[in-house]
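Take any residue in the sequence shown, note its place counting from 1, add 10, and you have its number in this note's numbering.
By construction, the Cβ of each residue, glycine as well, lies at the ideal position given by its N, Cα and C atoms.
See structure below.
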Amino acid sequence: MAWRNAWKAVSAGGLLASGSAQAQVLDLVEAGAHCPSGIGCQIAMDSGQGSLPAQACQGEEAITAQADGERLLVMIRSPEPPQSISGSLATRHIDPIGEACWAAQWRLPHLAQSRLQFYAFDAQGGRLGQAVFEGDRADPAAGHGALSAPIDSFTLFDGAAGIERRVHVYIPPQLGNDRAPVLILPDGQAIRQYAGVVQHLIDNSRIPPVLIVAIEARMDTPFARNHEYVPSRDSDMHQSYLSFFENEFLPWIATQYGGRVSGDGWILFGASASATFALSASRVERYINRIIAASPAPSDVDVLQDAPRPFVQFHIAAGLYEARFREAADSYADRLRAHAVPLRTLCYASGHDRFTWEAALRDGLIDIFSDGRIADRSGTAEACPG
C-alpha cells in the first residue's frame with residue numbers, strides 16, 4: 011500500500027523550518043540510509059553512471075546541485091572533507107572528485123518534477139552552505155504572504171517539566187472581530203514561515219482568515235524536541251508534554267481566544283517529529299478536530315493504537331524521497347483506515363524538508379475549507395507511487 015486513495019501533488023518551497031542542531035542532522039542522515047523500491051538511491055561516485063561537469067567546484071557557491079537525466083549530483087567546495095549532506099536527501103558518503111572538491115550523487119526517477127534542498131556540514135557540524143534544485147516540471151511552491159499584523163508572544167510555565175514555554179499568536183488583519191478557525195503549531199519557532207503560507211492563502215481567497223497559535227518546541231537539550239514529540243524516544247517526556255498540551259495549553263487558547271474560535275475549527279499541524287505528536291494528540295478529549303501531519307517520524311510506540319475521537323479529520327503527507335518517513339506515513343495511514351476515520355494522503359516529489367511541509371499545510375488547509383472537494387492537479391500524480 012502506498013498512497014492509493016490519495017490526491018497527489020508535487021509541490022512545495024523554501025528552506026529547513028527550524029532547529030539546525032547537529033541532533034537533527036544525525037536524524038536526517040539516518041533517514042537517508044534506506045532506499046525503498048529504488049526511489050532516491052545514492053550511487054557511488056565510481057559507479058560509472060554519468061560524468062562530472064567540466065566546471066565542477068569552480069564557482070563561488072560552497073554547494074551546488076546539478077541534474078543529468080535521472081542523476082542528481084551534489085558538489086561541495088571545501089578544503090576539508092565534509093561530514094554530511096542533509097536536507098531533502100541525506101548522506102555521510104561524500105567522495106573526493108578533485109582538489110578541495112567533494113560530491114555525492116543520487117538516482118531520482120522523477121527528478122524533472124522535484125524540488126529539493128541540500129545543506130553541507132563540516133567535521134564540527136558547522137554549515138558550509140546550502141543549495142536548492144528545482145526540476146523544470148516542478149509544480150509551483152507554496153506562496154508566502156507578507157505578515158501585516160504583529161506576532162504577539164507569551165510565556166506559559168510548564169510545572170511538570172519545570173520550564174517556561176514560549177507561545178506566539180498571529181491574527182491576520184482580515185479576521186477583524188469575527189469568529190474563526192484556529193491553527194495550532196507545535197513547532198512555534200517556525201511561526202513566521204507557516205504564517206506566511208497561511209497569509210498567502212488568505213490574501214488570495216483560498217481559505218478564510220485563520221487565527222494562528224504556536225508553541226515553541228523544547229530545545230534546551232539536543233534531543234528534547236524529539237523526546238517530547240515521539241513517544242518511542244522517551245515515553246515519560248512524551249506523556250508529560252501531551253498532558254501539558256491537553257490540560258494547560260489548549261485550555262489557555264480557549265480562555266484567551268475562545269470567543270473568537272469557531273467550535274469545529276481547531277486545526278493541528280505538525281512536521282516531522284511534531285507531526286507524530288499531532289497524530290498522538292488526536293486522542294485528547296477536547297478541541298482538536300482537524301490534523302495535518304507532514305512527514306511524521308517513525309515511532310516504535312503505536313501512537314494510533316486507540317481509535318481517535320469521532321469527527322477528527324486527518325491529512326497525512328510525505329515526500330517521495332524521504333525513505334523512513336514516507337514508510338511511517340504509509341503505516342499511520344493504514345492504521346487510520348483500520349479505524350475508518352476521515353483521511354486524505356498527500357505525496358510530493360521532495361524529501362524531508364520545508365518543500366513538503368509547506369505544501370502539505372497549504373493543500374491540507376485548502377482541502378479542509380473546501381469541504382473535501384479537491385481541485386484537479388493535472389500532471390502531478392505520476393511523480394508519486396500509486
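Residue i vs residue j beta-carbon contact at 7 Å
| i | j | result |
| --- | --- | --- |
| F379 | I217 | yes |
| Y239 | A283 | yes |
| I194 | L82 | no |
| V192 | L211 | no |
| E80 | L121 | yes |
| Q52 | W116 | yes |
| R2 | R319 | Only positions 11 to 396 of the chain appear in this structure, which leaves residue 2 out of reach. |
| P398 | P182 | In this structure the chain extends from 11 to 396, so residue 398 is not present and cannot be described. |
| V84 | A75 | yes |
| N236 | R243 | yes |
| Q203 | L157 | no |
| E226 | Q199 | yes |
| W262 | N299 | no |
| L126 | S98 | yes |
| R293 | D316 | yes |
| R334 | P308 | yes |
DSSP state of residue i mapped onto helix, strand, coil
| i | result |
| --- | --- |
| D246 | helix |
| H3 | What the structure shows of the chain is the stretch from 11 to 396, and residue 3 is not part of that stretch, so it cannot be assessed. |
| E332 | coil |
| A43 | Low confidence applies to A43: its pLDDT is 42, below 50, so where it sits in the model is not reliable, and the reading given next is rough at best. Here A43 sits in coil by DSSP. |
| A186 | Contrary to the premise, residue 186 reads as Gly rather than Ala in this sequence. Reduced to three states, the DSSP call for G186 is coil. |
| Q323 | strand |
| P106 | strand |
| D78 | strand |
| Y180 | strand |
| E174 | strand |
| G69 | coil |
| S272 | strand |
| G280 | strand |
| A130 | strand |
| L62 | coil |
| R147 | coil |
| L157 | coil |
Exposure label - residue i; buried when at least 16 CB within 10 Å
| i | result |
| --- | --- |
| E295 | exposed |
| H248 | buried |
| F128 | buried |
| G136 | exposed |
| S124 | buried |
| T165 | exposed |
| A214 | A quick correction: the sequence has Asn, not Ala, at residue 214. With fewer than 16 other Cβ atoms within 10 Å, it is exposed. |
| H362 | buried |
| R347 | exposed |
| P196 | buried |
| F287 | buried |
| S253 | exposed |
| S272 | exposed |
| A170 | exposed |
| F365 | buried |
Contacts around residue i, its chain only, beta-carbon distance under 8 Å, and the 5 residues preceding and following it disregarded
| i | result |
| --- | --- |
| A339 | A303, S305, P306, I326, A327, A328, T355 |
| A110 | C67, R87, S88, P89 |
| I201 | I161, H178, Y180, L195, I222, A224 |
Contacts around residue i, its chain only, beta-carbon distance under 6 Å, and the 5 residues preceding and following it disregarded
| i | result |
| --- | --- |
| S290 | V313 |
| V179 | D162, V223 |
| G374 | I302, H325 |
| R345 | L314 |
| E174 | T165, F167 |
| D230 | none |
| Q140 | Y129 |
Residue range of the unbroken beta strand (DSSP E) whose run includes residue i
| i | result |
| --- | --- |
| V207 | Here V207 belongs to no beta strand (DSSP E); instead the alpha helix (DSSP H) covers 201-213. |
| G97 | 94-97 |
| I225 | 221-225 |
| F287 | No beta strand (DSSP E) holds F287; the alpha helix (DSSP H) holding it covers 283-290. |
| L356 | 353-358 |
| I301 | 300-304 |
| P140 | Residue 140 is actually Gln in this sequence, not Pro. Its beta strand (DSSP E) spans residues 137-144. |
| A114 | 111-117 |
| Q52 | 51-53 |
Range covered by the alpha helix (DSSP H) that runs through residue i
| i | result |
| --- | --- |
| D168 | Here D168 belongs to no alpha helix (DSSP H); instead the beta strand (DSSP E) covers 161-168. |
| Y267 | 260-267 |
| A369 | 364-379 |
Neighbourhood of residue i by C-beta, 7 Å cutoff - its chain only, sequence neighbours within 5 removed
| i | result |
| --- | --- |
| L138 | A72, I73, I86, S88, P92, A130, F131, D132 |
| L62 | I107 |
| Q266 | none |
| G206 | H154, G155, L157 |
| H103 | Q52, A114 |
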